[in-house]
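Here my numbering runs 673 ahead of the position in the sequence shown, where the first position is 1. Glycine is no exception: its CB is placed at the ideal position from the N, C-alpha and C atoms. On a predicted model such as this, the values are computed, not experimentally measured, just so you know. Below: one structure, written as structure tokens.
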Amino acid sequence: MKRIFLLMTFVVINALFASDKIIELDAEANELQEKITNLTELKRLSSEK
Numbered sequence: 674m675k676r677i678f679l680l681m682t683f684v685v686i687n688a689l690f691a692s693d694k695i696i697e698l699d700a701e702a703n704e705l706q707e708k709i710t711n712l713t714e715l716k717r718l719s720s721e722k
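In structure tokens form, the structure reads like this:
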């Protein structure tokens, strides 16, 4: 019984860390997407001149 409790605790803690990491990576991905969009817009504007 104690082993099952420890295993479940371990699984829950790992899930929390994983979801935290996913949120962090998602934020970084959104920043990169914004930078790419800005670069594309700059290229478009510079080619119009």
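In angstroms with no decimal places, state the Cα-to-Cα distance between Leu705 and Arg717.
As a first step, residue 705 is located in the sequence shown; it is residue number 32 there, counting from the start. As a first step, residue 717 is located in the sequence shown; it is residue number 44 there, counting from the start. Using only the alpha carbons, I get a separation of about 18 angstroms.
Taking the straight line between their C-alpha atoms, what separation do you get for Ile696 and Glu721?
Position 23 of the sequence shown, counting from 1, holds the residue named residue 696. Position 48 of the sequence shown, counting from 1, holds the residue named residue 721. Ile696 and Glu721: Cα-Cα distance of roughly 38 angstroms.
Report the rounded CA-to-CA distance for Phe690 versus Leu715, giving the unit in angstroms.
Residue mapping note: residue 690 aligns to position 17 of the sequence shown, counting from 1. Residue mapping note: residue 715 aligns to position 42 of the sequence shown, counting from 1. Each residue's alpha carbon lies about 38 angstroms from the other.
Start and end residues, alpha helix (DSSP H) containing Met674:
Residue numbering aside, residue 674 sits at position 1 when the sequence shown is read from its first letter. Where Met674 is concerned, there is no enclosing alpha helix (DSSP H), given that its DSSP letter is neither H nor E.
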